[in-house]
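**Q**
There are 2 protein chains.
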Amino acid sequence: MNADLPLARRDQIAARLADGQPVVAATLAREFGVSEDAIRRDLRALAAEGRCRRVYGGALPCTPAFSPVSARAEQDGPLKQALARAAATLVQPGELIFLDSGSTPLALVDALPDEFELTVATHAIDIAAAVLRRPGMKLVMLGGCVDPVVGGALDATTAQGLAQLNIDRCFLGACAVSASRGLSAQHAADAAFKRLLLQASPHSTVLVTADKFSARAPHRIAPAEAVQCFVLSPEAPAAEADALQALGCSLLRAAAT
Amino acid sequence: MNADLPLARRDQIAARLADGQPVVAATLAREFGVSEDAIRRDLRALAAEGRCRRVYGGALPCTPAFSPVSARAEQDGPLKQALARAAATLVQPGELIFLDSGSTPLALVDALPDEFELTVATHAIDIAAAVLRRPGMKLVMLGGCVDPVVGGALDATTAQGLAQLNIDRCFLGACAVSASRGLSAQHAADAAFKRLLLQASPHSTVLVTADKFSARAPHRIAPAEAVQCFVLSPEAPAAEADALQALGCSLLRAAAT
DNA sequence: CCACACAATGCACGTTTATGCACGTTTACA
DNA sequence: TGTAAACGTGCATAAACGTGCATTGTGTGG
């Protein structure tokens, strides 16, 4: 991280707490490269200001509620995080990556490395909010009328904004995946947008939880071979995986949780 | 790199701080080829002008880039909610309202009536997220490169998107308010956007907490008479309120908490 | 041309602050 | 109930701090 100003460290810890994240003293000590004593002093000071609640092993935010991302990430949790970690290995420093809407791409935000100077583009509100919490990343928001179901902008303006980006890589969530029927989505507008996104990206990755293979969805996005890489969970059926590979798609297996 | 003018050095340091970068005294001393004493004097001067926060080892930007909106979100809770409730009474059914970035407009989202079939437009990520949680509202998101300090899109694309909206009413937060100096903002791009927003709206309302009257900010947005209505907190100084009214602005007092 | 004010700087001094380590105590968990 | 980790406290150290003072360079008025 950047400058080792003591108070800056304290601010960063305070920011995490204000964000609703609990902090662990030992972890922070390693992360900031100082002894646990120093961290404990910080936490004590913050607690004295009423900015957190001191507990054995670390500290908790004084307002424990309300933290949309972390809550969701915890709950849907380990599986999507594992997919996200695997997908994050594909990203190269300095790239402009586009994150599609959905909880799996959302998990990817927290898995992206800090030091890569990435630019993240998205049309999804919750993903933008998550990126905003990551210091080192630039954020480009696509505007338009927001579809309340998808949680992101989805209209002609959005498509137009997409066309103005030089995307290096995109990550999609899909409603349904099959080697024979390709990718499908629940909503027509969402499918159309994903189709444009695939066309606009020289390299596209789809994050797939195992249940997506058995799912059906009405709107065809593209054939599977339009995607360069699929990230699969460990319990994905081998038959489907082999079929995707036979189409020329590369596969990435997430580590078992 | 360096002209030897001392003031030029101070300006460069100020520029970095305005950019959100923390600075380390020892590093700056080596970089500019002067003693740490000189740097410390600069930092002290800048801090005295309110342009940074002095800390042990260097200085931090007064609005740290890394803990953007989340930290200041709920600090003045009840007060801002009271302002929001007062402002919400101005809204008419079916309108397209634009919400500026800031914690006060954010509070307004939850105060808006459900049954009015409103369309809310914004360029701020957190406000969009809040609107998304309200069922009966339509949401229009303005896109563009997102300013991490403001927490919303702020570039030419955003301005263009604004021009394509038929806004009925807009609600602004301001960094500083004064009858004589008008509205001011901390950041140039933010000020420019607010200026466009005022021009694009037939009716504009500014939500003002009492501390905004004593605050200073470098970038002038518009004179106070460019705003139709100010919503004031109960403890706002009467002198300032009278001065605003003398300029032809209507006032709305929030109920005491 | 000189004297002087003035601002910026570097240096020396004593003071404050943050840190790490050592010690004994408390806490969580098996 | 026992154990290991986390805790708080005291102390020593090094870095950063503020202040006062001498030096330098520049511009101005006598």
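Chains as they are written, first to last, in the UniProt record's numbering: chain C, 1 to 257; chain W, 1 to 257. For glycine and all other residues, C-beta sits at the position ideal for the given N, C-alpha and C. Small disclaimer: the values here were computed from a predicted structure and weren't measured.
Give the C-beta separation of A243 (chain W) and I125 (chain C) to the nearest angstrom, bearing in mind that I take them to be a contact with Cβ-Cβ under 8 Å.
**A** Residue numbering aside, residue 243 (chain W) sits at position 243 when the second sequence is read from its first letter. Residue numbering aside, residue 125 (chain C) sits at position 125 when the first sequence is read from its first letter. The beta-carbon distance between A243 (chain W) and I125 (chain C), rounded to whole angstroms, is 39 Å. This is too long to meet the 8 Å contact definition.
**Q** Looking at C-beta atoms only, is the number of pairs between the stretch 225-237 of chain C and the stretch 199-206 of chain C that lie closer than 8 Å three or more?
**A** yes
**Q** Should E240 (chain W) be labelled buried (16 or more other beta-carbon atoms within 10 Å of its own) or exposed?
**A** In the second sequence, residue 240 (chain W) corresponds to position 240, counting from 1. When all chains shown are included, E240 (chain W) counts as buried.
**Q** Just grab the DSSP bridge partners of K138 (chain W) for me.
**A** Taking the first residue of the second sequence as 1, we reach residue 138 (chain W) at position 138. W:T119.
**Q** Tell me, please, which residues DSSP counts as bridged to residue 259 (chain C).
**A** Residue 259 (chain C) lies beyond the stretch modelled for chain C, which goes from 1 to 257, so this question has no answer here.
**Q** Could you tell me whether the stretch 141-158 of chain W touches the stretch 181-196 of chain W, using the rule of 3 or more Cβ pairs below 8 Å?
**A** Contact holds: three or more Cβ-Cβ distances are below 8 Å.
**Q** When DSSP builds the beta bridges, which residues end up paired with G144 (chain C)?
**A** Indexing the first sequence from 1 puts residue 144 (chain C) at position 144. Beta-bridge pairing links G144 (chain C) to W:M141.
**Q** So who's on the other strand from C170 (chain C), going by DSSP bridges?
**A** On the first sequence, position 170 is the one that residue 170 (chain C) refers to. Under DSSP, C170 (chain C) forms a beta bridge with C:F98, C:S204.
**Q** Taking CB distances under 8 Å as the criterion, tell me whether C62 (chain C) reaches chain W.
**A** By one-based count along the first sequence, residue 62 (chain C) stands at place 62. It does not: the Cβ of C62 (chain C) has no partner Cβ on chain W nearer than 8 Å.
**Q** Am I right that A107 (chain W) and A86 (chain W) are in contact with their C-beta atoms under 8 Å? What's the rounded C-beta distance?
**A** In the second sequence, counting from the first residue as 1, residue 107 (chain W) sits at position 107. In the second sequence, counting from the first residue as 1, residue 86 (chain W) sits at position 86. Actually they are not in contact, since the Cβ atoms of A107 (chain W) and A86 (chain W) sit about 11 Å apart, beyond 8 Å.
**Q** Beta-carbon within less than 7 Å of E36 (chain W)'s beta-carbon, same chain only, minus the 5 sequence neighbours each way: which residues are those?
**A** Translated into the one-based positions of the second sequence, residue 36 (chain W) becomes position 36. Excluding sequence neighbours, E36 (chain W) sits near A25, A26, A29.
**Q** Excluding sequence positions up to five away, which residues of its chain have a Cβ less than 6 Å from the Cβ of A188 (chain C)?
**A** Numbered from its first residue, the first sequence carries residue 188 (chain C) at position 188. The answer, listed in chain order, is H219.
**Q** Put A256 (chain W) into one of helix, strand or coil per three-state DSSP.
**A** Here residue 256 (chain W) corresponds to residue number 256 of the second sequence, with the count starting at 1. Coil, per DSSP.
**Q** Any chance the CB of A254 (chain C) is under 7 Å from a heavy atom of the ligand GDP?
**A** In the structure shown, the ligand GDP is absent, as is every other ligand, since no ligand is present at all.
**Q** Relative to the C-alpha of S250 (chain W), which residue among W:A236, W:E225, W:T89, W:D11 is closest?
**A** One-based indexing of the second sequence puts residue 250 (chain W) at position 250. Measuring from the Cα of S250 (chain W), the nearest candidate turns out to be W:E225.
**Q** With a threshold of 8 Å, are at least 3 pairs of Cβ atoms found where one atom belongs to the stretch 166-183 of chain C and the other to the stretch 47-60 of chain C?
**A** no
**Q** Rounded to whole angstroms, what's the CA-CA distance from L17 (chain W) to V23 (chain W)? Just pull it up for me.
**A** Taking the second sequence and counting its residues from 1, one reaches residue 17 (chain W) at position 17. Taking the second sequence and counting its residues from 1, one reaches residue 23 (chain W) at position 23. The straight-line gap from Cα to Cα measures roughly 7 Å.
**Q** The beta strand (DSSP E) with A176 (chain W) in it runs from where to where?
**A** Mapped onto the second sequence, residue 176 (chain W) falls at position 176. A176 (chain W) -> beta strand (DSSP E) spans 176-178.
**Q** From what residue to what residue does the alpha helix (DSSP H) around F32 (chain C) run?
**A** Here residue 32 (chain C) refers to the residue found at position 32 when the first sequence is read from its first residue. That run of the alpha helix (DSSP H) goes 25-32.
**Q** Given this structure, state the Cα-to-Cα distance separating Q75 (chain C) from G102 (chain C), to the nearest angstrom.
**A** Here residue 75 (chain C) corresponds to residue number 75 of the first sequence, with the count starting at 1. Here residue 102 (chain C) corresponds to residue number 102 of the first sequence, with the count starting at 1. Because the pLDDT at Q75 (chain C) is just 49, under 50, the model does not fix this residue reliably, and the point stays unresolved.
**Q** Give the single residue among W:D211, W:L198, W:E235 whose Cα lies nearest to the Cα of P223 (chain W).
**A** For the purposes of this step, residue 223 (chain W) is identified with residue 223 of the second sequence, where counting begins at 1. Of W:D211, W:L198, W:E235, the residue nearest in Cα terms is W:L198.
**Q** Taking 8 Å as the CB-CB cut-off, is V140 (chain C) touching chain W?
**A** In the first sequence, the residue the question calls residue 140 (chain C) occupies position 140. So, interface residue.
**Q** Ordered along the chain, which non-local residues of its own chain (more than five positions away) have a Cβ less than 7 Å from that of E117 (chain C)?
**A** Taking the first sequence and counting its residues from 1, one reaches residue 117 (chain C) at position 117. Excluding residues within five positions, the ones whose Cβ falls inside 7 Å are P93, G94, G136.
**Q** For R169 (chain C), count the other beta carbons within 10 Å of its own beta carbon; 16 or more makes it buried, fewer makes it exposed. Which is it?
**A** Within the first sequence, numbered from 1, the residue matching residue 169 (chain C) stands at position 169. That one is buried.
**Q** By DSSP, does R54 (chain C) sit in helix, in strand, or in coil?
**A** Counting from 1 along the first sequence, the entry for residue 54 (chain C) is found at position 54. Note: R54 (chain C) maps to strand in three-state DSSP.
**Q** For the stretch 138-153 of chain C against the stretch 143-155 of chain W, are there 3 or more C-beta pairs whose distance is under 8 Å?
**A** yes
**Q** Could you pull the DSSP bridge partners for A156 (chain W) from this structure?
**A** Here residue 156 (chain W) refers to the residue found at position 156 of the second sequence. A156 (chain W) pairs with nothing; no bridge assigned.
**Q** Please report how far the alpha carbon of A255 (chain W) lies from the alpha carbon of R133 (chain W), in whole angstroms.
**A** Stepping through the second sequence from its first residue, residue 255 (chain W) is reached at position 255. Stepping through the second sequence from its first residue, residue 133 (chain W) is reached at position 133. If I take the Cα positions, the gap works out to 26 Å.
**Q** Relative to the C-alpha of F98 (chain C), which candidate in C:L60, C:A210, C:G173 has its C-alpha closest?
**A** As a working mapping, residue 98 (chain C) is identified with position 98 in the first sequence. Here the closest residue by C-alpha is C:G173.
**Q** For G151 (chain W) and chain C, any beta-carbon pair shorter than 8 Å?
**A** By 1-based counting over the second sequence, the position of residue 151 (chain W) is 151. Yes, G151 (chain W) counts as interfacial toward chain C.
**Q** Check whether the Cβ atoms of A200 (chain W) and L154 (chain W) sit closer than 8 Å, and answer yes or no.
**A** As a working mapping, residue 200 (chain W) is identified with position 200 in the second sequence. As a working mapping, residue 154 (chain W) is identified with position 154 in the second sequence. Their beta carbons are not under 8 Å apart, which means A200 (chain W) does not touch L154 (chain W) by this criterion.
**Q** Take R216 (chain C) and list the residues in its own chain whose beta-carbon comes closer than 8 Å to its own, dropping the five residues that flank it on each side.
**A** Here residue 216 (chain C) refers to the residue found at position 216 of the first sequence. Once the five neighbours on either side are set aside, the close Cβ partners of R216 (chain C) are A176, S184.
**Q** In chain W, what lies closer than 7 Å to L106 (chain C) by C-beta?
**A** The residue labelled residue 106 (chain C) in the question sits at position 106 within the first sequence. None at all; the shortest Cβ gap to chain W is about 12 Å.
**Q** From the DSSP output, which residues share a beta bridge with L251 (chain W)?
**A** In the second sequence, counting from the first residue as 1, residue 251 (chain W) sits at position 251. W:F230.
**Q** Tell me the rounded alpha-carbon separation between Q12 (chain W) and L5 (chain C).
**A** Counting from 1 along the second sequence, the entry for residue 12 (chain W) is found at position 12. Counting from 1 along the first sequence, the entry for residue 5 (chain C) is found at position 5. Looking at the two C-alpha atoms, the distance is approximately 20 Å.
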